[in-house]
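Residue 891 is where the sequence shown starts when you use our numbering, and the numbers rise one by one after that. One structure is given below, encoded as structure tokens.
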Amino acid sequence: MKKPQAGLTSGTTWWRAPEGRSARLKEVITAELCDTLFGSLSRRDQREKGEQYLRALLEAQGRKSIRNLATHLGGAAAEQRLQHFISNAPWDWMPVRDALASYLERKNLPQAYVVRALSIPKAGNQSVGVNQGFDPHLGRIFRGQRAFGMWHASPALSVPVNWRMFLPDTCFDQEPAGRSDAAPTENPKETLEECAVKSVLETLPLRGVPLAPVVLDLPMGRVDAAFRRFADAGVPAVARVRPTTRLTVEDPALAGFSGGPLQARQIAMSARSLRRPVTWADPATPNASHHSLVATVQVRELGRPAGPRNPADGRLLLLAEWQDPQRVPENLWVANAHMLRAEALLLVTKLTSRVDLDVTQVGFNTGLRDFEGRSLRGWHRHMSLASAAHAIEILSSTEGRRTAQRTHRQVSRLSA
891 MKKPQAGLTS
901 GTTWWRAPEG
911 RSARLKEVIT
921 AELCDTLFGS
931 LSRRDQREKG
941 EQYLRALLEA
951 QGRKSIRNLA
961 THLGGAAAEQ
971 RLQHFISNAP
981 WDWMPVRDAL
991 ASYLERKNLP
1001 QAYVVRALSI
1011 PKAGNQSVGV
1021 NQGFDPHLGR
1031 IFRGQRAFGM
1041 WHASPALSVP
1051 VNWRMFLPDT
1061 CFDQEPAGRS
1071 DAAPTENPKE
1081 TLEECAVKSV
1091 LETLPLRGVP
1101 LAPVVLDLPM
1111 GRVDAAFRRF
1121 ADAGVPAVAR
1131 VRPTTRLTVE
1141 DPALAGFSGG
1151 PLQARQIAMS
1161 ARSLRRPVTW
1171 ADPATPNASH
1181 HSLVATVQVR
1191 ELGRPAGPRN
1201 PADGRLLLLA
1211 EWQDPQRVPE
1221 NLWVANAHML
1231 RAEALLLVTK
1241 LTSRVDLDVT
1251 QVGFNTGLRD
1261 FEGRSLRGWH
1271 RHMSLASAAH
1281 AIEILSSTEG
1291 RRTAQRTHRQ
1301 VSRLSA
């Protein structure tokens, strides 16, 4: 059994090393991540509280509120210490996220980064960012917070490496005295789509984030602003679009449809003769093969002509997927990743299923929806450590590690 670090418990053993092979692996990964994540914290007591918080996220049963975590660690005094560490102590969460991304890159290279909306139900109005909105994954209206996570994703596993909360206009319309510690000083006013894009762009300077395609799993009505920003940053991106999103056809195979902007669904239906079969796997049913028909069409952003110096400026690729060839396409995506074939683009979009599975089976159990404080800074710090707890649970799964190793060998062979 590994002994607790000196100074963490004031003479009390507040955690026990788990038993069994999988548990030993989990303890090794936890120790590695604690050493990796908290090196940016300048004070020893902050590093100790960071490890306490992370281990409590892994071991406490039920909701991962600070009160419940503190109960696992020792009661009211521990609750006060953790509350101060998360909400008030002066430490920056971005270096912690950078360290997590670097660690994940060493363990399993990402095939893409998936940007996914996370809905966090809230009953009251005291937490920052609470409003009424539509949850695209539940397919209904809900009340609470909305955030976007940027997930390091491969067919074997996914882990969030950055978070950005969407703040509705009501957060900015309140008087400063009424906003208290929930004041959104870090985020300007922005739309949902701008929030999703910024969750990617603010992550690019981090050392632990290698260049990989970005998949925006958010139905977008307009793509011009988002793809201009991605093009300026040199980021290959794929974004889900609504059937009514309007684009201009610029494909020689569909010369008769290049007269003006059309809805994405209309363009896809006109390209049915270009469809070809693609086989893919669903993480929820890894032993079964799935089949789709896909077609790609060269399009241009609405209202953006080719630049005088770069005729390809603004050119995109519309990807349409049919699982029932007699109906309209189930999924429509737009990509600036022209170097990828239709088959490769479709497989990248399927990483959204990996994230959906991991967020519900693992992320909800490690506290991604459980922060109860009012502070936006506190939420960011909690989400950083909850993401690390998610990483530990994912990586310590023996079968998950075997799958990751097989996937890495397959990707290596394809890249050779």
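Note that the Cβ used here is the ideal one computed from N, Cα and C, for glycine as well.
Sheet register partners of residue i (DSSP bridge)
{"i": "tryptophan 1170", "result": "His1180"}
{"i": "phenylalanine 1056", "result": "Arg1036"}
{"i": "glutamate 1191", "result": "Leu1137"}
{"i": "leucine 1101", "result": "Bridge partners of leucine 1101: none, in fact."}
{"i": "glutamate 1211", "result": "Val1184, Asn1221"}
{"i": "tryptophan 1041", "result": "Val1004, Pro1050"}
{"i": "histidine 1282", "result": "A quick correction: the sequence has isoleucine, not histidine, at residue 1282. DSSP, once it has assigned bridges, lists no residue as partnering isoleucine 1282."}
{"i": "isoleucine 1309", "result": "Because the chain here runs from 891 to 1306, residue 1309 falls outside it and cannot be looked at."}
{"i": "isoleucine 1010", "result": "Gln1035"}
Of the listed residues the options, nearest to residue i (C-alpha basis)
{"i": "glycine 1098", "options": "Arg911, Leu1209, Ala989", "result": "Ala989"}
{"i": "alanine 1037", "options": "Ile1031, Gln1022, Trp1053", "result": "Trp1053"}
{"i": "tyrosine 943", "options": "His1272, Phe1032, Ser1287, Ile1284", "result": "His1272"}
{"i": "histidine 974", "options": "Leu1082, Arg1264, Ala1278", "result": "Arg1264"}
{"i": "serine 1009", "options": "Phe1056, Pro985, Gly964, Ala966", "result": "Phe1056"}
{"i": "arginine 1244", "options": "Glu922, Asp1172, Leu1275, Ala1143", "result": "Asp1172"}
{"i": "serine 1274", "options": "Arg934, Asp925, Arg933, Gly940", "result": "Gly940"}
{"i": "alanine 1161", "options": "Glu1083, Arg911, Val986, Leu1222", "result": "Leu1222"}
{"i": "threonine 1242", "options": "Ser992, Gly1039, Thr920, Ala950", "result": "Gly1039"}
{"i": "threonine 1250", "options": "Ser1048, Phe1147, Val1104, Ile919", "result": "Ser1048"}
{"i": "valine 1051", "options": "Val1104, Glu1140, His1228", "result": "Val1104"}
{"i": "alanine 1178", "options": "Thr1169, Ala1185, Thr1134", "result": "Thr1169"}
{"i": "arginine 987", "options": "Leu923, Arg957, Arg953", "result": "Leu923"}
{"i": "alanine 1234", "options": "Val1128, Asp925, Gln1156", "result": "Val1128"}
{"i": "aspartate 1141", "options": "Thr1135, Gln1153, Arg1155, Thr1186", "result": "Thr1186"}
Spatial neighbours of residue i in its chain, beta-carbon cut-off 8 angstroms, leaving aside the 5 residues before and after
{"i": "aspartate 1246", "result": "Arg1006, His1027"}
{"i": "valine 1252", "result": "His1280, Glu1283, Ile1284"}
{"i": "proline 1000", "result": "Leu994, His1042, Ala1043, Ser1044, Pro1100, Ala1102"}
{"i": "arginine 1119", "result": "Val1087, Leu1091"}
{"i": "leucine 1094", "result": "Ala1123, Val1125"}
{"i": "leucine 1206", "result": "Val1113, Phe1117, Leu1137, Gln1188, Val1189, Arg1190, Glu1191, Val1224, Ala1225, Asn1226"}
{"i": "methionine 984", "result": "Leu1096"}
Sequence-distant residues of the same chain with beta carbon closer than 7 angstroms to residue i, five excluded per side
{"i": "methionine 1159", "result": "Val1218"}
{"i": "serine 955", "result": "Asp1260, Glu1262"}
{"i": "phenylalanine 1024", "result": "Ile1031"}
{"i": "proline 1215", "result": "Leu1183"}
{"i": "proline 1109", "result": "Pro1026, Arg1130, Val1131, Arg1132"}
{"i": "alanine 950", "result": "Asn958, Leu959, His962"}
Three-state secondary structure assigned by DSSP to residue i
{"i": "glycine 1023", "result": "strand"}
{"i": "glutamate 1080", "result": "coil"}
{"i": "valine 918", "result": "helix"}
{"i": "arginine 1130", "result": "strand"}
{"i": "leucine 1108", "result": "strand"}
{"i": "leucine 1258", "result": "coil"}
{"i": "threonine 1175", "result": "strand"}
{"i": "leucine 1152", "result": "strand"}
{"i": "arginine 1205", "result": "strand"}
{"i": "serine 1287", "result": "coil"}
{"i": "serine 932", "result": "coil"}
{"i": "histidine 962", "result": "helix"}
{"i": "histidine 1272", "result": "helix"}
{"i": "tryptophan 983", "result": "helix"}
{"i": "histidine 974", "result": "helix"}
{"i": "alanine 1227", "result": "coil"}
{"i": "proline 1095", "result": "coil"}
Residue i classed as buried or exposed, judged by whether at least 16 other C-beta atoms fall within 10 angstroms
{"i": "lysine 1240", "result": "buried"}
{"i": "glutamine 1016", "result": "exposed"}
{"i": "valine 916", "result": "According to the sequence provided, residue 916 is lysine. The question's valine does not apply to it. Lysine 916 is buried by the Cβ-count criterion."}
{"i": "arginine 1267", "result": "buried"}
{"i": "arginine 1030", "result": "exposed"}
{"i": "phenylalanine 928", "result": "buried"}
{"i": "glutamate 1211", "result": "buried"}
{"i": "proline 1011", "result": "exposed"}
{"i": "glutamate 1220", "result": "exposed"}
{"i": "proline 980", "result": "exposed"}
{"i": "histidine 1270", "result": "buried"}
{"i": "serine 1182", "result": "buried"}
{"i": "histidine 1180", "result": "exposed"}
{"i": "glutamine 1035", "result": "buried"}
{"i": "arginine 971", "result": "buried"}
{"i": "histidine 1228", "result": "exposed"}
{"i": "serine 1163", "result": "exposed"}
{"i": "arginine 1166", "result": "exposed"}
{"i": "arginine 996", "result": "exposed"}
{"i": "alanine 1174", "result": "exposed"}
Within-7 angstroms CB hit, residue i to chain D
{"i": "leucine 972", "result": "Reference to chain D is not applicable here, since this structure consists of a single protein chain."}
6 angstroms Cβ shell around residue i - same chain, five flanking residues per side excluded
{"i": "proline 1058", "result": "Asn1021"}
{"i": "arginine 1033", "result": "Gln1022"}
{"i": "arginine 937", "result": "Phe928, Leu931"}
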